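Following: one structure in structure tokens, then a few remarks.
Protein chains in written order, with our numbering: chain A, 1 to 116; chain B, 1001 to 1114.
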């Protein structure tokens, strides 16, 4: 199957700093990528839809100024958690769909963010 | 309001037996359903999917059944193997304008006992 690479796999940062998470589709082009967040023992919650070359679409309740998304190319989307707080600690996962076809969404390996 | 529900948070099955994971949904607009397997601290891995025009899809040891009238789907794994132990997420999508958003259930943790 298609490969989506997410980096870093884990990160610890201090409160008030910003953290950037990268999501790359390695062997396909993705016009659309999705960012999810998972809290322990809860389902994956869609945060935003990232469209190449345009602004991201955020789900209700997600602060767009806090979670900056950039989808500058067909193979790369980034999520920047700005001015991180301990409550931002979570597991963040991206997914991408091959623009050529197929209906499956392929996921990155996730990023465990811990804000101290 | 959860549109995709996995009411069993956990399931234990003996190796070699059948594992049946259930999923219910409330949104009648959903037309595509997927199952993902997830290990701790990793992203979900796609397992199998089914379109609403079908009632069954089979891939090796994995079979997904869809009952549209009951808004219910299930994943059957047979025979179950210890390596199948993971959290299984049911996901659904509705027709959209080019995007592909998934709504996930909370997951069911499957433990296959050797």
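Just so it is clear, CB atoms sit at the ideal spot from N, CA and C, and this is done for glycine as well.
Bear in mind that the values here come from a model prediction, so they are computed numbers and not experimental data.
For chain B, none of the residues of the segment 55 to 71 of chain A brings a beta carbon within less than 7 Å of one of its beta carbons. Contacts between residue 93 (chain A) and chain B, judged by CB atoms closer than 8 Å, involve 1043, 1044 in chain order. Among the residues facing chain A, residue 1106 (chain B) is included, as its CB has a counterpart in that chain under 9 Å away.
The beta carbon of residue 1068 (chain B) sits closer than 8 Å to those of 1052, 1055, all from its chain and outside the five residues before and after it, given in chain order.
Below 8 Å, enough C-beta pairs join the segment 1057 to 1065 of chain B and the segment 1074 to 1082 of chain B to call them touching: three or more. When the five nearest sequence neighbours on each side are left out, the beta carbons in the same chain lying within less than 8 Å of the beta carbon of residue 1018 (chain B) are those of 1076, 1077, 1078, 1079, 1080, in order along the chain. Think of a sphere of 9 Å around the beta carbon of residue 1102 (chain B): the chain A residues whose beta carbon falls inside it are 34, 36, 44, 46, 95, 105, in chain order.
Distance from the CA of residue 1016 (chain B) to the CA of residue 57 (chain A), rounded to the nearest whole angstrom, comes to 45 Å.
In the same chain as residue 1033 (chain B), and ignoring 5 residues on each side of it, the C-beta atoms closer than 6 Å to its own belong to 1050, 1073, 1092, in chain order. In the DSSP assignment, the residues bridged to residue 1076 (chain B) are B:1020, B:1063. With respect to the 9 Å criterion, residue 1110 (chain B) and residue 1021 (chain B) are classified as neighbours on the basis of their beta carbons. With the rule of 3 Cβ pairs closer than 8 Å, the segment 1003 to 1014 of chain B does not count as touching the segment 69 to 89 of chain A. In this structure residue 1105 (chain B) is in contact with residue 1006 (chain B), their Cβ atoms being roughly 4 Å apart against a cut-off of 8 Å.
The contact set of residue 112 (chain A) on chain B, defined by CB atoms closer than 7 Å, consists of 1041 in chain order.
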